[in-house]
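In order, the protein sequence lines correspond to chains A and B. Residue 0 is where the first sequence starts when you use numbering that gives the first Met the number 0, and the numbers rise one by one after that. Residue 0 is where the second sequence starts when you use numbering that gives the first Met the number 0, and the numbers rise one by one after that.
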Amino acid sequence: MKKIHILSVMGVVLAIVAGGAFTGCKKKGASPFPASGSVAGWEKSSETRTFEPKDLWQYIDGDSEQYIQAGVVSTTTSDYKYKGQLEAVVDVYTMSGPEGAQTILERGRTKDASVIAVGDQGLQYAQSVIFRKGAHLVRIVAYQSNAETSNALAALAHGVEANL
Amino acid sequence: MTSRREFMKEAATAGALALGAKDAFGMAKGNDARGGAKSKVVVARDPALHGSDGKLDAARVSALLDRAVSTFTGHHQPVEAWKRIVLDGGAKEKVIGLKTNGLGGKGISTHAVLVFAIAERLQQAGVKAGNILIWDRNARDLQACGLTINTDPNQIRCYGSDVSGFEEAVETWGSSRVRFSKILTRECAMVINVPILKDHSMSGVTFAMKNMYGVVERPQDLHANGCNPGVADLNAFPVIRQKIKLTIGDAMTSVYEGGPGFRPEHLWQPNALIIGEDRVAIDQIAWGILDKKRTEVGLKTLEAAGRPPRYISTAAGSSHALGVNDPQRIRLIEI
Numbered sequence: 000m001k002k003i004h005i006l007s008v009m010g011v012v013l014a015i016v017a018g019g020a021f022t023g024c025k026k027k028g029a030s031p032f033p034a035s036g037s038v039a040g041w042e043k044s045s046e047t048r049t050f051e052p053k054d055l056w057q058y059i060d061g062d063s064e065q066y067i068q069a070g071v072v073s074t075t076t077s078d079y080k081y082k083g084q085l086e087a088v089v090d091v092y093t094m095s096g097p098e099g100a101q102t103i104l105e106r107g108r109t110k111d112a113s114v115i116a117v118g119d120q121g122l123q124y125a126q127s128v129i130f131r132k133g134a135h136l137v138r139i140v141a142y143q144s145n146a147e148t149s150n151a152l153a154a155l156a157h158g159v160e161a162n163l
Numbered sequence: 000m001t002s003r004r005e006f007m008k009e010a011a012t013a014g015a016l017a018l019g020a021k022d023a024f025g026m027a028k029g030n031d032a033r034g035g036a037k038s039k040v041v042v043a044r045d046p047a048l049h050g051s052d053g054k055l056d057a058a059r060v061s062a063l064l065d066r067a068v069s070t071f072t073g074h075h076q077p078v079e080a081w082k083r084i085v086l087d088g089g090a091k092e093k094v095i096g097l098k099t100n101g102l103g104g105k106g107i108s109t110h111a112v113l114v115f116a117i118a119e120r121l122q123q124a125g126v127k128a129g130n131i132l133i134w135d136r137n138a139r140d141l142q143a144c145g146l147t148i149n150t151d152p153n154q155i156r157c158y159g160s161d162v163s164g165f166e167e168a169v170e171t172w173g174s175s176r177v178r179f180s181k182i183l184t185r186e187c188a189m190v191i192n193v194p195i196l197k198d199h200s201m202s203g204v205t206f207a208m209k210n211m212y213g214v215v216e217r218p219q220d221l222h223a224n225g226c227n228p229g230v231a232d233l234n235a236f237p238v239i240r241q242k243i244k245l246t247i248g249d250a251m252t253s254v255y256e257g258g259p260g261f262r263p264e265h266l267w268q269p270n271a272l273i274i275g276e277d278r279v280a281i282d283q284i285a286w287g288i289l290d291k292k293r294t295e296v297g298l299k300t301l302e303a304a305g306r307p308p309r310y311i312s313t314a315a316g317s318s319h320a321l322g323v324n325d326p327q328r329i330r331l332i333e334i
């Protein structure tokens with residue numbers, strides 16, 4: 000009887016631990032990439048690719064060094080299409096801390112940048128949006144430009160932000 | 000297809016013959032270039048290369064290529080020029096590779112329209128479609144250029160080192176230890192380098208010589224110290240020195256800052272092709288073009304920004320002797 004009781008308690012403890020771990024994993028591993036249609040007009044057009052720091056060069060070649068120096072922990076990327084025409088890529092760099100994201104954001108800033116209210120700090124250019132939220136640095140770049148590009152990128156940025 | 004052993008033998012022979020030799024266009028090569036002859040670099044421009052929709056005009060790209068190649072070779076008929084290039088490259092009836100660069104992604108990769116124009120001229124010069132191989136690191140890079148993967152041996156082939164694989168043997172030159180793509184070592188008798196001009200956050204400039212990072216398995220190992228001497232060492236390997244016969248550089252679109260990735264805020268259209276055999280001279284000219292643009296938009300020169308492409312002078316130095324970087328030794332022809 001005592002043995003059965005101990006096993007029951009262990010089972011409950013394991014369930015609680017497993018449940019907590021699952022919840023934690025789910026939150027930590029949740030995709031920052033909006034599903035197709037969740038941001039008006041935007042379709043996710045490729046699979047998500049993930050790069051560890053040691054493999055980041057495969058994606059961005061020598062540019063990887065500045066991210067590594069800023070403490071990048073992982074990088075995920077996915078392609079998007081807006082209304083089937085405008086193509087864009089979303090890169091999410093998860094750094095070891097907010098300061099790393101801040102470093103990258105400020106490093107590429109030019110006088111053409113305008114401030115956009117997304118995340119903790121955001122900048123918008125004619126064909127791109129870059130913002131940081133906590134330890135995340137997000138860069139969204141459009142390959143074409145038309146009258147809708149600016150607003151469409153801003154909407155997608157908010158969609159990504161909501162998932163971080 | 001040449002076996003690795005056969006290639007090494009050919010390379011050694013070619014290396015011996017190169018001493019004291021000049022190429023088909025009368026240009027001095029390697030050590031010879033240091034003796035007094037000038038290296039010819041042609042920069043051909045067409046301000047109307049991009050249409051009003053921002054897309055490249057294929058017919059104008061073809062015409063610009065013809066003008067550039069004719070000027071470089073001295074042959075008025077482009078097809079005759081290409082026949083000469085193939086013959087002097089030792090590639091008659093052999094596979095000719097076109098090494099592109101698609102690492103920067105869709106917006107800043109070698110343009111397919113240029114690659115197609117080169118392939119068309121090669122075929123008109125008598126090269127079989129199956130003997131033309133467009134290649135890069137992998138399928139994704141090639142697709143970024145707007146190319147389609149094709150392994151049919153009867154057609155123009157297009158695939159990456161992810162298909163061919165890399166040599167087992169690790170080769171050493173200077174500080175570099177690399178494994179080469181089998182496309183370079185086994186498939187191609189001659190390679191035409193078709194890089195795209197970009198700013199590079201570490202090396203300053205990425206163009207002719209830096210594009211060779213895409214022919215080895217672990218290019219990240221060559222990035223230390225601003226890619227110096229990594230770029231020079233890599234280009235000094237016999238397989239690269241011997242097989243890369245010509246560079247037709249894509250400077251139709253470029254990034255002058257924030258490279259090597261696609262940064263639309265720093266994109267510009269030089270609308271140019273840069274052609275030459277001397278990869279060092281080409282990179283020297285390319286550096287000047289990038290710096291000129293940077294100055295125009297109020298940015299620091301690469302030197303002032305702390306990332307001059309030092310690998311260029313290393314490549315020109317006596318230890319590597321890959322070409323010339325002294326402007327007085329470069330015969331720049333702008334058309």
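For glycine and all other residues, C-beta sits at the position ideal for the given N, C-alpha and C. Bear in mind that the values here come from a model prediction, so they are computed numbers and not experimental data.
Below 7 Å between beta carbons: does that hold for Val214 of chain B and Leu183 of chain B?
Contact: yes.
Threshold first: 3 residues or longer. Then list the beta strand (DSSP E) segments lying entirely within the region 36–107 of chain B, N to C.
As far as the region 36–107 of chain B is concerned, its whole beta strand (DSSP E) runs of at least 3 residues are 38–44 and 95–98.
Can you tell me whether Asp282 of chain B is buried or exposed? The criterion is at least 16 other CB atoms within 10 Å of its CB, across all chains shown.
Buried, by the Cβ-count rule.
Which residues share a DSSP beta bridge with Cys157 of chain B?
Beta-bridge pairing links Cys157 of chain B to B:Ile133 and B:Asn149.
CB-CB length for Ser77 of chain A against Phe32 of chain A, believed under 8 Å
The pair is a contact, with the Cβ atoms about 5 Å apart (cut-off 8 Å).
Residues of chain A with a CB under 7 Å from the CB of Phe261 of chain B: which are they?
Neighbours of Phe261 of chain B on chain A, chain order: Val140.
Buried or exposed: Val94 of chain B, going by 16 or more other Cβ atoms within 10 Å of its Cβ?
The C-beta of Val94 of chain B has 16 or more other C-beta atoms within 10 Å across all chains shown, which makes the residue buried.
Give me, in chain order, the residues of the same chain whose beta-carbon lies closer than 6 Å to that of Ile103 of chain A; leave out the 5 immediate sequence neighbours on both sides.
So the list reads Ala69 and Leu136, once near-sequence residues are dropped.
Tell me the rounded alpha-carbon separation between His75 of chain B and Ala67 of chain B.
If I take the Cα positions, the gap works out to 10 Å.
Rounding to the nearest angstrom, what Cα-Cα distance links Ser144 of chain A and Ala90 of chain B in this structure?
A straight-line Cα-Cα distance of about 42 Å links Ser144 of chain A and Ala90 of chain B.
So what does Asn324 of chain B bridge to, in DSSP terms?
In the DSSP output, where bridge partners are listed per residue, Asn324 of chain B has none listed.
If distances are taken between C-alpha atoms only, which option among B:Glu302, B:Val279 and B:Ala280 comes closest to Asp417 of chain B?
With chain B running from 0 to 334 in the structure shown, residue 417 of chain B is simply not present.
Against chain A, does Gly257 of chain B count as a neighbour if the rule is that its beta carbon must be under 7 Å from one of theirs?
True, the Cβ-Cβ gap to chain A drops below 7 Å.
Looking only at its chain, what residues have a beta carbon closer than 8 Å to the beta carbon of His157 of chain A, apart from the 5 residues adjacent to it on each side?
Cβ-Cβ distances below 8 Å link His157 of chain A to Val38 and Val117 in the same chain, with the five nearest sequence neighbours on each side left out; the list follows chain order.
Beta carbons nearer than 7 Å to chain B: which residues of the region 93–120 of chain A have them?
Residues of the region 93–120 of chain A with a Cβ closer than 7 Å to any Cβ of chain B, in chain order: Gly107, Thr109 and Asp111.
Answer yes or no: does any C-beta atom of chain B fall closer than 7 Å to that of Gly70 of chain A?
By this cut-off, Gly70 of chain A is not an interface position.
Does any CB atom of chain A fall closer than 7 Å to the CB of Gly129 of chain B?
So, not an interface residue.
Please state whether DSSP places Val126 of chain B in a helix, a strand or coil.
Annotated three-state conformation of Val126 of chain B is coil, per DSSP.
Nonlocal neighbours in the same chain, by C-beta distance under 7 Å from Pro228 of chain B, ignoring five residues either side
Exclusion of the five residues before and after Pro228 of chain B leaves Gly173, Ser174, Tyr310 and Thr313 as the residues of its chain whose Cβ lies within less than 7 Å of its Cβ.
What is the DSSP secondary structure of Gly133 of chain A, reduced to helix, strand or coil?
Note: Gly133 of chain A maps to coil in three-state DSSP.
Cross-chain neighbours of Trp56 of chain A in chain B, by beta carbon under 9 Å:
What Trp56 of chain A touches in chain B: Arg217, Pro218, Gln219 and His222.
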